[in-house]
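A.B. asks:
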Amino acid sequence: MKLEEIGNQPCSIARALSEVGDGWSLMLVRDAFYGRTRFSDFVTYSGAQKTIVSDRLKRLVADGIFERVEYEQHPIRHEYRLTDKGADLAHVMLALSAWGDRWLDNGKGAPIRITHTECAHDAGPRITCGHCAGELDAGNLRAEPGPGFPANGPAIFGQHS
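Residue numbers (the working numbering): 811 to 971.
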């Protein structure tokens with residue numbers, strides 16, 4: 811299977827990765843969360859070449875993660891804003907940030923502090939069960955076929971002891 815085909819798997823993670831799974835796309839989403847909207851800012855702050863930023867923005871717009879909005883007519887200029895679909899990536903970005911702070915800080919602490927505007931404290935994300943509010947982690951989760959899994963789908967669920 812080619813990388814471009816992972817979105818065809820009956821798996822929400824694979825489908826999501828097919829739209830935002832490469833590093834440059836996630837860097838552009840990160841920059842949008844930091845308030846950047848203009849092409850030149852995406853180039854400057856992501857560190858990507860103009861051709862890469864252009865390609866990723868086109869894909870992110872086509873996938874409905876960004877919208878392209880005209881902000882000037884002479885000359886015509888556009889900015890890129892997160893859609894509701896894009897804004898829903900906040901949880902993913904917080905989780906990636908927390909993981910990086912824990913495992914990749916080289917003992918120096920978090921390079922960027924993210925705070926919750928309602929209480930002004932650090933926004934350390936916690937993922938909890940929507941039913942019992944218990945905290946979720948790799949040790950207390952199980953994957954099993956859901957209602958959208960094809961009846962003759964591949965055997966992708968392993969047994970754990």
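For each residue, glycine too, the CB sits at the ideal point set by N, CA and C.
To which residues does DSSP link Q883 through a beta bridge?
C.D. replies: Numbered from its first residue, the sequence shown carries residue 883 at position 73. I886, per the DSSP bridge assignment.
A.B. asks: Just verifying my parser: in three-state terms, what is the DSSP assignment at P955?
C.D. replies: Residue 955 sits at position 145 when you count from the first residue of the sequence shown. Coil, per DSSP.
A.B. asks: S828 to D851, Cα distance in whole Å?
C.D. replies: Translated into the one-based positions of the sequence shown, residue 828 becomes position 18. Translated into the one-based positions of the sequence shown, residue 851 becomes position 41. So the alpha carbons of these two residues sit roughly 25 Å apart.
A.B. asks: Out of R866, E889, Y881, which has the shortest C-alpha to C-alpha gap to G845?
C.D. replies: Translated into positions along the sequence shown, residue 845 becomes position 35. Ranking R866, E889, Y881 by Cα distance to G845 puts E889 first.
A.B. asks: Is D932 near T925, with beta carbons less than 7 Å apart?
C.D. replies: Locating residue 932 in the sequence shown gives position 122, where the first residue counts as 1. Locating residue 925 in the sequence shown gives position 115, where the first residue counts as 1. A contact, by the Cβ cut-off of 7 Å.
A.B. asks: Can you grab the Cα-Cα spacing for the pair A961 / M811, in whole Å?
C.D. replies: Position 151 of the sequence shown, counted from the first residue, corresponds to residue 961. Position 1 of the sequence shown, counted from the first residue, corresponds to residue 811. Spanning the two alpha carbons is a distance of roughly 21 Å.
A.B. asks: Once DSSP output is grouped into helix, strand and coil, what is the label at F967?
C.D. replies: On the sequence shown, position 157 is the one that residue 967 refers to. Looking at F967 - three-state DSSP - the assignment turns out to be coil, as it is neither helix nor strand.
A.B. asks: Could you check whether the stretch 893-901 touches the stretch 859-876, counting it as contact only if at least three pairs of C-beta atoms, one from each stretch, sit closer than 8 Å?
C.D. replies: They touch, by the three-pair rule.
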